[in-house]
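Here is the structure we will look at, set down as structure tokens.
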Amino acid sequence: MEDKRNLRKERIGVVTSNKMDKSIVVSQVTKVKHPLYGKFVLKTKKFVAHDEKNDCNIGDTVRIHETRPLSKTKNWRLVEIIERAK
875 MEDKRNLRKE RIGVVTSNKM DKSIVVSQVT KVKHPLYGKF VLKTKKFVAH
925 DEKNDCNIGD TVRIHETRPL SKTKNWRLVE IIERAK
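Under our numbering, the sequence shown has 945 at position 71, and the numbering climbs by one with no breaks.
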């Protein structure tokens, strides 16, 4: 069982919304080089994650990992808050 848990995907991102009850929206921004023009473009991916204690605020840097589906869009869970927003 321990080995299977380690295969779960982990993401680090910034909380962009905490308006929902026990849920947060985490954005992961990556820089991708455009294949033709060579310019770097920002790509944003959003994840809806489960926050059991409602302790995240907008701007916090957090670590989330994959879990079973908890609702229609929510299949990530908050692991830790890496850095609080200033």
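Idealized CB from N, CA, C, for every residue including glycine. The structure displayed is predicted, hence computed values, not measured ones.
Distance CB(residue i)-CB(residue j) smaller than 8 Å
i    : j    : result
K896 : D925 : yes
T947 : V888 : no
N892 : I932 : yes
A923 : L952 : yes
Residue i beta carbon near the ligand MN (any heavy atom closer than 7 Å)
i    : result
D929 : As for the ligand MN, it is missing from this structure, which has no ligand bound.
For residue i, the residue or residues it bridges with in DSSP
i    : result
L952 : I938
R885 : I938
L916 : K905
A923 : I898, W950
Option in the options with minimal Cα separation from residue i
i    : options                : result
L903 : F921, P909, A959, D929 : Correcting the residue identity first, residue 903 is Val in this sequence and not Leu. Cα-wise, what sits closest to V903 is F921.
Does the region 912 to 919 come within contact of the region 928 to 942, defined as at least 3 CB pairs closer than 8 Å? no
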